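Using our numbering, you'd call the opening residue of the sequence shown number 8 and step up by one each time. For reference, the structure is listed below as C-alpha cells.
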Amino acid sequence: MPIKFRCMHCQQLLGISRSRAGATVDCPQCGRTLRVPGPDGKILRPTTPREAARGDQDLLSALSELSRFSETDADLPDGDSDTGGSPKSSAGSRPAQPDTPKKSPVIDVEPLSASDPIDILPEESSPQAAMPAEAFDADQMMLIDEPLAELAALDSGGRSGQLSSDLLEEMRATRSEGRTAAVVLLFGLLLLPVTFAAGWWFGAFTKTSPLKYFSNTDPPEEDPRPGDVAAGVDGGDPSPGSGSHRAGQTEQGPRDISMASFRPSPDNVSATDSENGSPVSGTESVLVPHTFLVTGTVTYEDSSGKTTPDVGATVLLLPEKRSGTLKIPARSLTRFDVAADHPAAVAMLSTYGGAVGEVGSDGTFRLRVPTDRPPGSPDDAAANYQLIVVSRNLERPAAEAVSEAIAAVLNAWVDSPSHVCGRRRAKMQAVRISAPPGENLKVDDIAITFEISAVDRLRGFRHLQNRHARNCRRLRLNLVSNDIAERGVV
Numbered sequence: 008m009p010i011k012f013r014c015m016h017c018q019q020l021l022g023i024s025r026s027r028a029g030a031t032v033d034c035p036q037c038g039r040t041l042r043v044p045g046p047d048g049k050i051l052r053p054t055t056p057r058e059a060a061r062g063d064q065d066l067l068s069a070l071s072e073l074s075r076f077s078e079t080d081a082d083l084p085d086g087d088s089d090t091g092g093s094p095k096s097s098a099g100s101r102p103a104q105p106d107t108p109k110k111s112p113v114i115d116v117e118p119l120s121a122s123d124p125i126d127i128l129p130e131e132s133s134p135q136a137a138m139p140a141e142a143f144d145a146d147q148m149m150l151i152d153e154p155l156a157e158l159a160a161l162d163s164g165g166r167s168g169q170l171s172s173d174l175l176e177e178m179r180a181t182r183s184e185g186r187t188a189a190v191v192l193l194f195g196l197l198l199l200p201v202t203f204a205a206g207w208w209f210g211a212f213t214k215t216s217p218l219k220y221f222s223n224t225d226p227p228e229e230d231p232r233p234g235d236v237a238a239g240v241d242g243g244d245p246s247p248g249s250g251s252h253r254a255g256q257t258e259q260g261p262r263d264i265s266m267a268s269f270r271p272s273p274d275n276v277s278a279t280d281s282e283n284g285s286p287v288s289g290t291e292s293v294l295v296p297h298t299f300l301v302t303g304t305v306t307y308e309d310s311s312g313k314t315t316p317d318v319g320a321t322v323l324l325l326p327e328k329r330s331g332t333l334k335i336p337a338r339s340l341t342r343f344d345v346a347a348d349h350p351a352a353v354a355m356l357s358t359y360g361g362a363v364g365e366v367g368s369d370g371t372f373r374l375r376v377p378t379d380r381p382p383g384s385p386d387d388a389a390a391n392y393q394l395i396v397v398s399r400n401l402e403r404p405a406a407e408a409v410s411e412a413i414a415a416v417l418n419a420w421v422d423s424p425s426h427v428c429g430r431r432r433a434k435m436q437a438v439r440i441s442a443p444p445g446e447n448l449k450v451d452d453i454a455i456t457f458e459i460s461a462v463d464r465l466r467g468f469r470h471l472q473n474r475h476a477r478n479c480r481r482l483r484l485n486l487v488s489n490d491i492a493e494r495g496v497v
C-alpha cells in the first residue's frame, strides 16, 4: 500500500512505496527536496552532516581495517611480497591453518499441534486511501490527480508556502467583482427614494386622464344602475316624454339641440374674473374637457302591440368625426357585467369623445359626453354625433341584416360590429350639439321606440291563437274527464 502525502512546498498530492518511508526525495512538480513521511504520517527531522558521520561507526571501522592492511603490505620486504617471494618463505611466515568445520548451533523446536491457533499479525492500517498497484512503480514517486486540484496552491496550516500567480489573479478578480456589485447595490438604494419622490411630484402636478375634468352637473343618485358610472352614464330617472322633442321626431334626420344649466369644471385652467366671468387680462383661455348630458327613453312594442320599456338596451353616442385609429374591443364595450374589461373599453371611448350606456328598468338612459369646447364658443362651434341604440328584447328576422349606415359607423369605431348588434334590432339617429356665445350646452330628451313589424305582429297573433286553441282543448279534455269520473262514481 503506497504512502500518500503532499509536497510541503507546492501542495501537490504525491504517492510513493512504503519502503521509502523517511527517505529524502525530490518533488516531480516543483523539484524541491522533501522527506517522505512514515506510515503514521510523521516526518523525521533531517540529520546534519555531523550527526550522519557520527552514526556510521561500522563504516569507520571498515575504513580503519582497510587502512591497516595497506600499511602492513607496505612494510613487507620485496622478496616476501606475493609477487616475488618463494612459496616456502611465504608458508613459513604464514603457517597454514587446518580447515576445521564449525558446528552450527542446534535449536530445539517444539512441535506444534494441529489444534493450536496460529497468530496472524494484522496489517498496519494506513490513513491513506489504497491505490492500484499498476498505477506507479514501487520506489518511483508519482503525481496523483484530484478533483480539487486548484486547492493545491493554497497554503495549509503552519507550513510555509506561496500562492500560485493564477490563483492570486483569480482572487483579485473575484474581489473586484464583489466591490463592483456592492457599488451598484449602494447606488440603487440611493436612487430608489429619488425616483419615488420624482414620481410623486410628477403625479401630483400633472393631469393625464380626461375623466377628472368632467363636471358633475346633477347631484349624485342614491342607487345608480349597474354600469352607469363606469360607462359615463348618469343613472337619473327623468320622466318619459319630457322635453321639446317627442317620439314622432326620432327618424326625421339631424336635430339642432341647445343646452342650458351647464356648470364648468372646477379644474378649468382658464383664468376668469370671479365677478363677471370674463377672462382676466394678460391670460389666455385654455381648451379643457367639459361634459354635456344626453337623456332619453327607449321602448319597444311587443306582439300584442303594447309599448314596454326596452330594459337592457345598449346606447352608443359616437362623434361623427373620428379621431385616432385604434379600434375599441366590441365584446368588452357592450358587456356591462365584465368588471375587468368593460371600464377599460369605456375609458377608451370616452377619451375619443364618445359614451356608452344601458337602459334602466324605467326605460331611460343618461349619458355624459366629454367635449373640448368651453363655454362662450363661436356660433359655428358645433359637434355632430351619431346615437345608436341596440334593442335587448327584439330580434331581426334571419334574412334581414344590419343597415349599411349603422355598419359603417360601427366599423370605424369597434373591431367587430357583429358583436355590438348581433341578431338584435338597431336604430341610429343624428344629433347636433351647438353652443351660442354666452350659453352652455344642454340636450333634451330623446325618445326611440322599436316598432314590431307586420310579419312579427301576425306571427305573434298566430301564436296567441294557437295558445288559445291549446288552452281550449285542455279545458275540453278536463271537462270530459270529470264527466266520466262522475258517471263511474254513480
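Virtual Cβ for every residue (Gly too), placed ideally from N, Cα, C. Since the structure is predicted, the reported quantities are computational estimates derived from the model, not experimental observations.
Residue pairing for GLN36: DSSP places it in no beta bridge. In the DSSP assignment, ARG13 falls within the beta strand (DSSP E) that extends over 10-13.
When DSSP states are grouped into helix, strand and coil, ILE50 belongs to the coil group. Taking C-beta atoms as the reference points, PHE343 and GLU327 fail to come closer than 8 Å. Counting only the Cα atoms, SER330 lies some 23 Å from CYS428. Under the three-state reduction of DSSP, SER26 is assigned to helix. With a cut-off of 8 Å on Cβ pairs, the stretch 330-339 is not in contact with the stretch 398-410, counting fewer than three such pairs. The DSSP-derived three-state label of PHE372 is strand. GLY48 sits away from GLY29, with the two beta carbons spaced by 8 Å or more. Look at ARG399 here: in three-state DSSP terms it is strand.
Distance check between GLY319 and each of SER311, ARG431 and ARG27 places ARG431 closest, using alpha-carbon atoms only.
If you check the CB distance, VAL363 and VAL322 come in under 8 Å. Relative to CYS17, the option among ILE23, VAL376, MET8 and GLY38 whose CA is nearest is GLY38. Boundaries of the beta strand (DSSP E) around THR321: 321-326.
About 19 Å separates the beta carbon of GLY370 from that of VAL438, a gap too long to meet the 8 Å contact definition. Following the DSSP letters along the chain, one finds ALA362 inside the beta strand (DSSP E) bounded by residues 362-365. Contact between ASP422 and ALA337 holds, since their C-beta atoms are separated by about 6 Å, short of 8 Å. LEU324 is positioned such that its CB atom lies no closer than 8 Å to that of VAL409. Around the Cβ of THR302, a 10 Å sphere holds 16 or more other Cβ atoms; the residue is buried.
Per the C-alpha coordinates, the member of LEU394, ALA188 and TRP208 positioned closest to ALA412 is LEU394. Secondary structure at ALA408: coil, using DSSP grouped into helix, strand and coil. For PRO350, the enclosing alpha helix (DSSP H) begins and ends at 349-358. Annotation for THR341: no beta strand (DSSP E) segment contains it, though the alpha helix (DSSP H) segment containing it runs 337-341. Counting along the chain, no alpha helix (DSSP H) covers VAL43, and no H or E run does either.
Taking the Cα positions, THR341 is about 16 Å away from ALA414. Pairing ALA69 with PHE12, the inter-Cα distance amounts to about 38 Å. The criterion of a C-beta distance shorter than 8 Å is not satisfied by PRO9 and SER26.
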